[in-house]
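Q: Sequential numbering from 583 applies to the sequence shown in my numbering.
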Amino acid sequence: MGLIANLTVYLQTRFNMDGIQLVNVFNIWSGSTNVTPLLGAFLSDTYLGRFRTLICGSTASFLVKSYICSFPTTRGSNCQKPEFWQLGVLYLGLGLLAIGAGGVRPCNIAFGADQFDTRTEKGRAQLESFFNWWYFSFTVSLVIALTVVVYVQTNVSWVIGYGIPAACLFFSIVIFLIGKHTYIITKPQGSVFVDMAKVIVAACKKRALSLESTPENSFYDPPCIESDQQVTKLAHTNMFKFFDKAALIADPSELDDKGLPKNSWRLCSVQQVEQLKLVVGLVPVWITGIGCFITMDQMNTFGLMQAIQSNNKIHNFKIPPGWMGLSSMICLSTWIFVYEQIYLPYAKKRSKKNVRLTMRQRINTGIVMAILCMVVAGIVEKNRREKALKQGSLLSPQSILLLLPQFSLSGLNEGFAAVAVMEYYTNHLPESMRTLAGAIFFLSFSASSYLNTAIVNVVHQVTAKLGKTPWLGGRDLNKVKLDNFYYLIAGLALLNLLYFNLFSCRYLVKNADKTPGSRHEDKGLEMNENV
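1) Helix, strand or coil: how does DSSP classify K900 here?
2) Drop a sphere of 10 angstroms on the beta-carbon of H1042, count the other beta-carbons inside from all chains shown, and report buried for 16 or more, exposed for fewer.
3) Kindly list the residues whose CB is nearer than 7 Å to the CB of V855, restricted to its own chain and excluding five residues on each side of it in sequence; keep chain order.
4) Quick test of your reading: E1013 and T702, contact by CB under 8 Å. State the CB separation rounded to the nearest angstrom.
5) Sort N616, G694, L1084, I637 by Cα distance to P866 and report the nearest one.
6) Given that a residue counts as buried once 16 or more other Cβ atoms are within 10 Å of its Cβ, and exposed if not, what is C689?
7) Pick out whichever of K1050, S719, I1071, V1044 has its Cα sitting closest to the Cα of M881.
8) Report the rounded CA-to-CA distance for N1078 versus I949, giving the unit in angstroms.
9) Determine the direct distance from the alpha carbon of N1034 to that of I918, and round the result to whole angstroms.
10) Using 8 Å as the Cβ pair cut-off and three pairs as the minimum, do the segment 988-995 and the segment 899-913 touch?
11) Apart from the five residues just before and just after W1117, which ones in its own chain have a Cβ nearer than 8 Å to its Cβ?
12) Would you list the one or two residues that DSSP bridges to K895?
13) Can the beta-carbon of I831 be found less than 8 Å from the beta-carbon of F801?
14) Helix, strand or coil for L842? Go by DSSP, reduced to three states.
15) Please name the residue in W868, T736, P979 whose C-alpha comes closest to that of F1024.
16) Give the straight-line distance between the Cα atoms of M583 and A790, rounded to the nearest whole angstrom.
17) Just the C-alpha distance for C750 and M1015, rounded to the nearest angstrom, thanks.
18) Is the distance from the Cβ of I945 to the Cβ of A999 below 8 Å?
19) Are the beta-carbon atoms belonging to Q857 and S978 less than 8 Å from one another?
20) Does F693 come out as helix, strand or coil in the three-state DSSP assignment?
21) So, are the CB atoms of N893 and S981 less than 8 Å apart?
22) Identify the continuous alpha helix (DSSP H) that holds V861 and give its terminal residues.
23) How would you call Q973, buried or exposed, if buried means at least 16 neighbouring beta carbons within 10 angstroms?
24) With distances taken Cα to Cα, identify the nearest neighbour of G1055 among Y1081, T883, C955, Q697.
25) Measure the alpha-carbon distance for A1075 versus T877 and round it to whole angstroms.
26) State the DSSP-derived secondary structure class of L593, mapped to helix, strand or coil.
27) Taking only the alpha-carbon atoms, compute the straight-line gap between V958 and M906 and give it to the nearest angstrom.
28) List the endpoints of the continuous alpha helix (DSSP H) containing T819.
What follows is the structure, encoded as structure tokens:
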């Protein structure tokens, strides 16, 4: 977080990158750090296990951050363009850090969730609180990064500023290792990625077969083998019936004398098929999450560029632009604290029922916050640019504090939508697939970063060709109309709200109904969706 929080300022002030190049570098790197968790999930489930993968990923990140500390001052502030070798060193460090993130991100949430017994009501309630408190602790670390670390980077030294999070990571690894004997550590059970690939291949091979009037005993459905890890037996469902062909016994010769498939790429179990169905069933909500995260991406790049070109002096103190993200984290952590420590205890005393907000309510609220964030950002940016042009200066006389509302709304978007989506992925996949759930969650961040990169470049190209003032481009926001781009993203967020309520929200209930051990969010919602 100490790297992400101030990376935009670092790239613009130390590498003199223009707006488009800066956004591309940030988004592509951010997207890469959220793709590598798929590889980390595969290694964790197949070979290493979650505990060892966490250790390897954390150690790799620590070594890379120590390496990054050696090059932040290789450029002079008066250089117009970075040298090729300097960009190479920068990209190499960012790439290696993405690899380290691939070991931490898919296993972090999953390993924490392993410590709770979800077969009991108490365990499930504790797991729900765990998601909120995980995000709370995540937010606290980001607050430290946005205050102490960003201030040191901006006003003292980039080397020391990057050395602080490296030291913190070292101590966190030590603390994590000290608690090794208190953890519930599950053994790797094989990768669900391979199983899903087998189901897809087998279903394609048997695509010509018909499932009409097929008796239930025609499917290969052996009992789950009990092991050290609790295995959830998935019942056969009627969703995505095409994949059922993978488990259809077309010929008795497909089984050997022991009743096992001779070719696992032609005949799969119902368990394997249902695992793939659960993942496919996550896609509609996954797309909704991408729409929510695109709004957050704007504040990490263009929002900080607004801060750089605003008046950051409060009396005799200069507010570092990177501190703007602090308001997002404060709003996020405040909401979680109020919800868990004030709202829930008070509501339970009055009703003595499950009074938690449903996932649908939280995701809807998050999307609304995303829309408001972009609208407010557009209004503030238009006012900032007009004042700067009127004064004829690069910096606008408008106070940097006027950016606080848009950053706060971005934090509430994350506090409602991101936490709900993360909880949904983990709760509605079996325990054996929790690592995959973590990878899918971060993959949505990756998709939003890549999609945002595409949108930024398309908007830049299209508006530049119109012959009028482009919406994006260059290092000076006063020469573009960033506010129009914000309104465009607000329109996309509105479409996301309609998409979620008209289509993808139905899968929240469908997966809750089909996943063993999961609880219905809300009986009224369930009845409405069934109708």
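A virtual CB, placed ideally from N, CA and C, is assigned to each residue, including glycine.
Because the structure is a prediction, the values reported are computed rather than measured.
A: Based on what the coordinates show:
1) In the sequence shown, residue 900 corresponds to position 318, counting from 1. In this structure, K900 counts as strand in the three-state DSSP scheme.
2) Locating residue 1042 in the sequence shown gives position 460, counting from the first residue. It is buried - the Cβ of H1042 has at least 16 other Cβ atoms within 10 Å.
3) As a first step, residue 855 is located in the sequence shown; it is residue number 273 there, counting from the start. Contacts found: V781, F825, D826, A828, A829.
4) Taking the first residue of the sequence shown as 1, we reach residue 1013 at position 431. Taking the first residue of the sequence shown as 1, we reach residue 702 at position 120. Actually they are not in contact, since the Cβ atoms of E1013 and T702 sit about 13 Å apart, beyond 8 Å.
5) Working through the sequence shown from its first residue, we reach residue 866 at position 284. For the residues N616, G694, L1084, I637, the minimum Cα distance to P866 belongs to L1084.
6) The count along the sequence shown starts at 1 and reaches residue 689 at position 107. Buried, by the Cβ-count rule.
7) For the purposes of this step, residue 881 is taken as residue 299 along the sequence shown, with counting starting at 1. Closest by alpha carbon: I1071.
8) As a first step, residue 1078 must be located in the sequence shown, where it is residue number 496. As a first step, residue 949 must be located in the sequence shown, where it is residue number 367. Distance between the alpha carbons of N1078 and I949 is about 8 Å.
9) As a working mapping, residue 918 is identified with position 336 in the sequence shown. As a working mapping, residue 1034 is identified with position 452 in the sequence shown. Cα to Cα, the separation comes out at about 28 Å.
10) yes
11) Lying before the first or after the last residue shown, residue 1117 is absent from the chain, which here runs from 583 to 1113.
12) Taking the first residue of the sequence shown as 1, we reach residue 895 at position 313. Paired residue(s): K900.
13) To locate residue 831, count along the sequence shown from 1; it is residue 249. To locate residue 801, count along the sequence shown from 1; it is residue 219. For I831 and F801, yes; Cβs fall inside 8 Å.
14) As a first step, residue 842 is located in the sequence shown; it is residue number 260 there, counting from the start. Coil at L842, not helix or strand.
15) Position 442 of the sequence shown, counted from the first residue, corresponds to residue 1024. Measuring from the Cα of F1024, the nearest candidate turns out to be W868.
16) Locating residue 583 in the sequence shown gives position 1, counting from the first residue. Locating residue 790 in the sequence shown gives position 208, counting from the first residue. Rounded to whole angstroms, M583 to A790 spans 51 Å at the Cα level.
17) One-based indexing of the sequence shown puts residue 750 at position 168. One-based indexing of the sequence shown puts residue 1015 at position 433. Near 30 Å, if we compare the C-alpha coordinates of M1015 and C750.
18) What you label residue 945 is simply residue 363 of the sequence shown in a count that begins at 1. What you label residue 999 is simply residue 417 of the sequence shown in a count that begins at 1. Cβ atoms of I945 and A999: closer than 8 Å.
19) For this step, residue 857 is matched to residue 275 along the sequence shown. For this step, residue 978 is matched to residue 396 along the sequence shown. Not closer than 8 Å, so no.
20) Position 111 of the sequence shown holds residue 693. Note: F693 maps to helix in three-state DSSP.
21) Residue numbering aside, residue 893 sits at position 311 when the sequence shown is read from its first letter. Residue numbering aside, residue 981 sits at position 399 when the sequence shown is read from its first letter. Closer than 8 Å, so yes.
22) By one-based count along the sequence shown, residue 861 stands at place 279. Segment 852-880, the alpha helix (DSSP H) holding V861.
23) Counted from its first residue, the sequence shown places residue 973 at position 391. Exposed is the call here.
24) Stepping through the sequence shown from its first residue, residue 1055 is reached at position 473. Here the closest residue by C-alpha is T883.
25) Numbered from its first residue, the sequence shown carries residue 1075 at position 493. Numbered from its first residue, the sequence shown carries residue 877 at position 295. Distance between the alpha carbons of A1075 and T877 is about 8 Å.
26) Here residue 593 refers to the residue found at position 11 of the sequence shown. The answer is helix: DSSP assigns L593 an H, G or I state.
27) The sequence position of residue 958 within the sequence shown is 376, counting from 1. The sequence position of residue 906 within the sequence shown is 324, counting from 1. If you take the alpha carbons of V958 and M906, they lie about 15 Å apart.
28) Walking along the sequence shown from the start, residue 819 turns up at place 237. First-last for T819: undefined, no H or E at that position.
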